[in-house]
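Trainee: Chains as they are written, first to last, in the working numbering: chain A, 21 to 329; chain B, 21 to 329; chain C, 21 to 329; chain D, 21 to 329.
Number of protein chains: 4
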Amino acid sequence: MPFVSPINIKRGMTVSALAKQMESVRVLGPGRFGRAVRILSQMFDDQDYCKMLSIAGPIIPGGLRNILVDLVEKNLINAIVTTGANVTHDMLESLGHRHIVGSETDNDEMLRKKGLSRIYDLLVKQKAIEHLEISTRHMLERIPLEDRRNIATYELLWQFGGQLKDKKSLLSVASRRHMPIFCPGIFDSMLGLDLWTYSQLNPLFINPFKDFSKLVNLSYEAKRVGAIILGGGMPKHHVLIANSYRGGVDAAIQITLDRPEGGGASGAPLEEAISWGKIKRHDNLVTLVGDATVLFPIITLGALENAGK
Amino acid sequence: MPFVSPINIKRGMTVSALAKQMESVRVLGPGRFGRAVRILSQMFDDQDYCKMLSIAGPIIPGGLRNILVDLVEKNLINAIVTTGANVTHDMLESLGHRHIVGSETDNDEMLRKKGLSRIYDLLVKQKAIEHLEISTRHMLERIPLEDRRNIATYELLWQFGGQLKDKKSLLSVASRRHMPIFCPGIFDSMLGLDLWTYSQLNPLFINPFKDFSKLVNLSYEAKRVGAIILGGGMPKHHVLIANSYRGGVDAAIQITLDRPEGGGASGAPLEEAISWGKIKRHDNLVTLVGDATVLFPIITLGALENAGK
Amino acid sequence: MPFVSPINIKRGMTVSALAKQMESVRVLGPGRFGRAVRILSQMFDDQDYCKMLSIAGPIIPGGLRNILVDLVEKNLINAIVTTGANVTHDMLESLGHRHIVGSETDNDEMLRKKGLSRIYDLLVKQKAIEHLEISTRHMLERIPLEDRRNIATYELLWQFGGQLKDKKSLLSVASRRHMPIFCPGIFDSMLGLDLWTYSQLNPLFINPFKDFSKLVNLSYEAKRVGAIILGGGMPKHHVLIANSYRGGVDAAIQITLDRPEGGGASGAPLEEAISWGKIKRHDNLVTLVGDATVLFPIITLGALENAGK
Amino acid sequence: MPFVSPINIKRGMTVSALAKQMESVRVLGPGRFGRAVRILSQMFDDQDYCKMLSIAGPIIPGGLRNILVDLVEKNLINAIVTTGANVTHDMLESLGHRHIVGSETDNDEMLRKKGLSRIYDLLVKQKAIEHLEISTRHMLERIPLEDRRNIATYELLWQFGGQLKDKKSLLSVASRRHMPIFCPGIFDSMLGLDLWTYSQLNPLFINPFKDFSKLVNLSYEAKRVGAIILGGGMPKHHVLIANSYRGGVDAAIQITLDRPEGGGASGAPLEEAISWGKIKRHDNLVTLVGDATVLFPIITLGALENAGK
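What follows is the structure, given as structure tokens:
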């Protein structure tokens with residue numbers, strides 16, 4: 021029977037060295053944190069891995085945008101499945117609107133009157149959202165009519181990314197690198213409202229089946245698939261279900277604060293997905309209970325240090 | 021300053037009487053439970069309320085199907101927004117497949133070999149899922165080609181509901197009563213796989229914009245809208261965002277185990293939605309921290325007792 | 021393999037009838053809720069069960085005081101292990117101080133200036149706490165010096181209970197009925213501060229070993245022991261560890277919002293305690309994820325209805 | 021209004037540099053993580069701060085023992101308030117018993133038969149616990165009778181620490197450096213059982229009032245007090261309540277997975293303690309939602325890097 025080993029820390033040690041210490045604990049949170057860094061390192065180090073990232077919750081507004089951009093540019097992420105909100109916030113930032121510091125105890129009726137909308141302790145100006153509507157309309161106009169009649173969300177987002185002036189936006193980088201961003205819930209976001217509004221008077225047909233075909237193909241053609249799951253929601257499940265055609269992903273890490281007992285997919289342990297054929301086997305899986313906006317930057321830093329060694 | 025009053029219970033008292041006792045606590049969980057029953061009672065009692073129910077998590081497989089059916093038949097629910105999973109499980113049950121009792125510690129690789137898939141401690145036979153694929157194909161065939169070329173999910177589900185032989189299924193009852201069931205994430209479910217597979221060789225275009233138009237119209241035309249939010253996910257947000265065109269819902273209860281600090285929409289307090297114009301004001305809102313599959317049957321029973329008094 | 025059965029509700033049905041419906045679900049939250057009612061019913065119905073209740077969190081200030089009093093008077097609770105806070109609040113209420121309705125977004129520096137202290141959305145007057153200090157001193161004076169030199173917390177609380185004029189307080193009823201209330205963390209509460217202050221100038225030696233001997237004896241002499249665990253903390257663990265001398269409790273229900281993954285005792289599943297010899301076996305155990313101040317009144321009502329049938 | 025700034029990471033950057041990036045997010049988890057590192061750095065850097073650490077949950081068995089030892093040796097922790105379990109596990113390790121790697125799905129009846137006890141996915145041999153009982157008895161024998169008649173837990177633990185041969189145990193280091201370890205819930209642990217057993221036939225009177233006097237004095241005499249709160253439970257509350265005599269602590273960080281809505285002290289936000297006079301004001305407070313065994317090593321590493329700059 022293997023033993024638990026304690027963590028030793030030393031001023032100036034790297035995150036990857038700390039993660040190695042934590043992996044030697046083997047159990048509880050530290051063991052899982054250490055394993056998460058190792059699994060992510062292996063994905064980063066192995067060109068055969070198609071790395072699929074799912075994001076739900078305030079990943080972009082919570083400050084992780086540049087980290088995602090950096091990973092895409094380094095070819096360390098090969099597909100993203102996201103909520104509509106994260107796309108919306110990437111576009112808002114691309115249009116020059118910054119998120120504002122608020123408080124979780126702010127009075128929401130007051131905020132409404134001031135033209136501010138709240139995500140926990142972070143604020144967005146209504147003006148920014150109005151600006152987004154206008155920009156979205158202009159960007160849609162510039163998409164050839166033929167394309168608009170039957171478009172996947174990843175194609176639409178490539179189009180937007182190609183038109184955005186902010187070359188450091190996630191959409192822009194993804195567009196340049198032809199890395200697909202899938203947004204199966206695009207209809208359910210501020211951006212989605214703009215698309216729907218536009219569609220009332222102009223031809224625009226979004227076809228999610230095209231998205232799914234693309235995602236299934238990516239999965240099917242990959243030698244190995246690694247899932248990096250930040251938060252739960254539809255993005256998590258979507259990555260997993262698309263991989264059922266290849267017999268499941270080969271490795272996965274998930275970081276979530278959701279709990280399993282309620283039976284929802286968001287908080288479900290990765291192991292459950294094995295019984296559905298969405299994950300291959302128990303090796304190379306780890307669930308970290310915690311806030312993805314805190315843990316993912318740290319884990320990524322550790323994995324980047326390890327990679328290429 | 022109002023005071024906290026203690027709860028008194030007596031053998032044989034009704035749930036509504038208990039809820040009244042709990043409302044008098046005013047604070048903490050009991051106060052919120054009591055208010056939830058009162059708010060739901062008011063929605064049930066007021067014909068002017070358009071009651072929109074959102075469901076995420078194992079509401080149907082967790083045993084609440086007949087409760088939903090009953091509420092729809094009594095005209096106490098006027099629209100449902102659901103995950104694809106809940107539709108899938110309603111259809112599985114309609115085809116005669118029952119859910120099986122398992123354990124959350126079951127070995128998932130073993131289950132996979134036995135042809136069983138797991139949701140926490142509940143099992144589904146893979147055979148049932150294969151049966152669903154065949155049935156879905158047959159049901160799709162029977163939908164007129166013209167309808168299939170541009171169909172909303174609520175229309176598709178009415179079509180399925182009309183064809184199902186199980187007259188007590190949620191889809192069937194919704195179809196008979198022309199109560200729309202919206203499924204914005206239908207692509208992300210076992211049923212969604214079947215639809216996608218079908219669409220590869222046959223004409224089938226699902227148009228989520230049609231769904232959103234219908235949902236917005238329902239909201240817009242209602243004198244009052246009440247949201248009943250079980251779990252988070254896209255269904256929760258979808259009900260709220262669709263109501264932003266009318267200035268927000270008038271009353272809402274949500275039951276969830278998700279927590280707010282991560283900043284995701286699922287765990288966000290209802291108050292936050294006021295700043296987005298998705299909820300009108302602080303009155304008539306209540307968030308219950310807990311498992312919806314446990315609390316909703318109890319709250320509903322209490323509200324049904326109150327209604328019509 | 022047993023099947024999941026759906027819940028059917030009917031206006032006017034009792035909580036125990038609803039619980040029976042929910043037990044037939046067998047899985048997820050409803051199955052656990054139903055089992056909790058059944059297990060509690062069995063404890064209530066069987067005179068051979070020594071029922072030990074542990075309370076942590078705002079059980080008394082949250083409005084459950086009369087429920088506990090009622091159970092003690094009916095001989096349905098035979099020992100209580102509590103945090104110091106719940107004793108403090110029982111005494112505050114006994115002295116005529118009521119809890120005040122506040123809000124979880126109240127400004128705490130402002131509250132401090134106004135002489136109000138906060139527990140989530142509930143407030144206590146500092147004046148009440150000062151009153152408690154004086155009363156505690158008077159009550160201590162009336163305890164014979166000899167008793168004070170080596171006193172268990174259950175003896176101290178019987179003394180207080182005997183002196184309180186409020187005959188409906190938990191301490192008072194426990195004192196009259198000679199039902200022990202153990203408070204292993206009494207030193208860690210507002211009441212504890214008063215005891216410590218008194219002990220600086222007067223003879224007062226609290227001996228927790230005497231408490232533990234009494235608790236172990238109760239456990240040892242019982243034909244059967246049933247644990248009812250509301251919240252986690254030291255009270256939960258204390259009931260369980262005291263029962264390790266008899267080979268563990270025979271039945272247990274716990275209601276908690278704490279989660280297991282962090283490895284703390286509060287959120288640990290009851291099954292874990294089997295490996296420590298604190299619980300006998302897997303039968304008759306159930307953990308309900310939820311707020312004890314909401315669920316315990318409902319479960320108790322259901323169990324009272326069943327009992328004696 | 022201040023703005024949210026994104027995080028930039030770079031291979032090889034230190035944890036303190038990453039924390040600075042995260043602090044610039046200002047909101048959500050990253051902002052809190054960054055602030056936690058800064059506040060801890062300030063405590064470490066300021067000799068006037070009396071640093072009080074509270075630990076609940078598997079801090080020692082989870083691998084953090086050497087980190088605590090290191091901080092105590094560097095004089096960066098000046099008092100510890102702990103659960104009995106953490107003391108028990110420090111002693112077990114000091115006696116040469118290592119923790120074993122298990123699984124959270126292990127069968128507990130089987131483990132019991134094999135003589136193994138479980139904490140989530142970590143195992144302890146019953147033999148080790150029996151060994152602890154014998155060792156504790158021997159160590160108690162060596163404590164002068166006069167001391168045993170009225171001993172505080174911190175004095176008892178100094179005695180044990182002085183006798184343990186493992187010079188790297190937390191108790192041993194604390195004893196050598198005369199840093200007090202308070203254990204208000206010592207009666208509620210495996211070690212507590214051993215103490216109680218011993219007390220049945222031998223003179224041993226533990227006096228928690230002596231502990232509290234010492235803790236209050238430490239707090240009262242300090243120029244500044246900083247609280248580092250890992251997990252909730254009695255240790256958290258004990259540090260805070262002892263500081264109410266000086267008007268509250270001056271700075272505090274807490275890391276917990278417990279949630280606030282249930283109203284228990286474990287999950288309560290630090291701000292609430294301001295209304296009780298246990299914390300001075302809103303500045304220099306931060307609550308991190310997460311697993312302390314994961315986040316504390318990382319935060320400590322970051323703070324150590326900053327300190328002394």
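Quick reminder that beta carbons are idealized off the backbone N, C-alpha and C, glycines included. Treat the numbers as computed from the prediction; the structure is a model and nothing was measured.
(1) List, in order along the chain, the chain C residues whose C-beta lies closer than 7 Å to that of D/TRP296?
(2) The beta strand (DSSP E) spanning D/THR276 covers which residue range?
(3) Starting from D/ALA56 and walking both ways along the alpha helix (DSSP H), at which residues does that stretch end?
(4) For the region 164-178 of chain A against the region 61-71 of chain A, are there 3 or more C-beta pairs whose distance is under 8 Å?
(5) Are the region 134-144 of chain A and the region 45-61 of chain D in contact at 8 Å, needing three or more beta carbon pairs?
(6) Kindly indicate which three-state DSSP category D/PHE207 falls into: helix, strand or coil?
(7) Quick check: is any heavy atom of the ligand SAH less than 7 Å from the C-beta of A/ARG168?
(8) What does B/ILE299 touch in chain C if you count any residue whose Cβ is under 7 Å from its own?
(9) Return the chain-ordered list of same chain residues with a C-beta closer than 8 Å to the C-beta of D/GLU291, the five sequence neighbours on each side being excluded.
(10) Cβ of A/LEU330 less than 8 Å from any chain D Cβ?
(11) If you measure from the beta carbon of C/LEU115 to each beta carbon in chain B, is any gap under 8 Å?
(12) For chain C, check one thing: does any of its Cβ atoms lie closer than 8 Å to the Cβ of B/HIS119?
(13) CB-CB under 6 Å to A/GLU153, same chain, minus the five flanking residues each way: which ones, in chain order?
(14) The alpha helix (DSSP H) that contains C/VAL45, what's its start and end?
(15) Do you know how far the Cα of C/GLY246 is from the Cα of C/SER286?
(16) What's the C-alpha gap between D/HIS257 and A/LEU136?
(17) Tell me whether A/VAL107 sits in a helix, a strand or coil according to DSSP, three-state version.
(18) List the endpoints of the continuous beta strand (DSSP E) containing A/LEU143.
(19) Straight-line CA distance for A/ARG359 to D/SER25?
(20) For the region 139-162 of chain B, which residues have a CB atom closer than 7 Å to at least one CB atom of chain C, in sequence order?
(21) Whole angstroms are fine: how far does the CA of C/MET111 sit from the CA of D/LYS71?
(22) Within 8 Å of any Cβ in chain B, is that where the Cβ of D/LEU48 sits?
(23) Could you check what DSSP says for D/THR217 in three-state terms: helix, strand or coil?
(24) Below 6 Å CB to CB, which residues in the same chain sit around C/LEU260 once its five sequence neighbours on both sides are set aside?
(25) By how many angstroms is the C-alpha of D/LEU315 removed from the C-alpha of A/LYS230?
(26) Taking the beta strand (DSSP E) that D/LYS71 belongs to, which residues open and close that run?
(27) Starting from the C-beta of A/ASP126, find all residues in its chain whose C-beta is less than 7 Å away, skip the five residues before and the five after it, and write them out in chain order.
(28) Thinking C-alpha only, which one of A/ALA272, A/LEU250, A/ILE201 and A/TRP216 is nearest A/LEU238?
(29) In the DSSP assignment, find the beta strand (DSSP E) that holds D/ALA99 and state where it starts and stops.
(30) Hey, D/LEU190 and D/LEU88: beta-carbon distance below 8 Å or not?
(31) In chain B, what lies closer than 9 Å to A/GLY283 by C-beta?
(32) Leaving out the 5 sequence neighbours to the left and right, which residues in its chain are closer than 7 Å to B/ILE27 when beta-carbon positions are compared?
(33) How about C/GLY54 and C/ALA312: are their beta carbons less than 8 Å apart?
(34) Could you check the C-alpha separation between D/ARG196 and D/GLY182 for me, to the nearest Å?
(35) Which residues bound the alpha helix (DSSP H) around A/THR125?
(36) Give the straight-line distance between the Cα atoms of A/LEU60 and A/ALA323, rounded to the nearest whole angstrom.
Mentor: Inspection of the coordinates gives the following:
(1) Scanning chain C for C-beta atoms nearer than 7 Å to the C-beta of D/TRP296 yields SER137, reported in chain order.
(2) For D/THR276, the enclosing beta strand (DSSP E) stretches over residues 271-276.
(3) Counting along the chain, the alpha helix (DSSP H) containing D/ALA56 begins and ends at 48-65.
(4) The region 164-178 of chain A vs the region 61-71 of chain A: no contact.
(5) The region 134-144 of chain A makes contact with the region 45-61 of chain D, as at least three CB pairs between them are under 8 Å.
(6) Per DSSP, reduced to three states, the secondary structure at D/PHE207 is coil, with no helix or strand assignment.
(7) Within the structure as shown, the ligand SAH is missing, as the structure has no ligands at all.
(8) Going along chain C, no residue has its Cβ under 7 Å from B/ILE299, so there is no contact; the nearest lies around 16 Å.
(9) The beta carbon of D/GLU291 sits closer than 8 Å to those of ILE299, HIS302 and LEU305, all from its chain and outside the five residues before and after it, given in chain order.
(10) Residue 330 of chain A lies beyond the stretch modelled for chain A, which goes from 21 to 329, so this question has no answer here.
(11) It does not; no Cβ of chain B falls within 8 Å.
(12) B/HIS119 has a beta carbon lying within less than 8 Å of a beta carbon in chain C.
(13) So the qualifying residues of the chain are ASP214.
(14) Taken as a continuous stretch (DSSP letters only), C/VAL45 belongs to no alpha helix (DSSP H), as it is neither H nor E.
(15) The alpha-carbon atoms of C/SER286 and C/GLY246 are separated by roughly 18 Å.
(16) Cα to Cα, D/HIS257 sits roughly 37 Å from A/LEU136.
(17) In this structure, A/VAL107 counts as helix in the three-state DSSP scheme.
(18) In the DSSP assignment, A/LEU143 falls within the beta strand (DSSP E) that extends over 142-145.
(19) Lying outside 21 to 329, the shown extent of chain A, residue 359 of chain A is not represented and no answer is given.
(20) Flagged, chain order: TYR140, ASP141 and LEU142.
(21) A direct Cα-to-Cα measurement between D/LYS71 and C/MET111 gives close to 34 Å.
(22) Interface residue, yes.
(23) Note: D/THR217 maps to helix in three-state DSSP.
(24) Hits under 6 Å: ALA293 and LYS298.
(25) If you take the alpha carbons of A/LYS230 and D/LEU315, they lie about 41 Å apart.
(26) Following the DSSP letters along the chain, one finds D/LYS71 inside the beta strand (DSSP E) bounded by residues 69-75.
(27) Here the set comprises ARG138.
(28) Looking only at A/ALA272, A/LEU250, A/ILE201 and A/TRP216, the smallest Cα-Cα distance to A/LEU238 is reached by A/ILE201.
(29) That run of the beta strand (DSSP E) goes 99-102.
(30) A distance below 8 Å separates the beta carbons of D/LEU190 and D/LEU88.
(31) Using a Cβ-Cβ cut-off of 9 Å, A/GLY283 is close to GLY77, PRO78, PRO81, GLY82, ILE139, TYR140, ASP141, LEU142, ASP311 and THR313 of chain B, given in chain order.
(32) These residues qualify, in order along the chain: GLN41, MET42, VAL45 and PRO50.
(33) Going by C-beta atoms, C/GLY54 is not nearer than 8 Å to C/ALA312.
(34) For D/ARG196 and D/GLY182, the gap between their C-alpha atoms comes out near 7 Å.
(35) Here A/THR125 belongs to no alpha helix (DSSP H), and DSSP marks it neither H nor E.
(36) For A/LEU60 and A/ALA323, the gap between their C-alpha atoms comes out near 6 Å.
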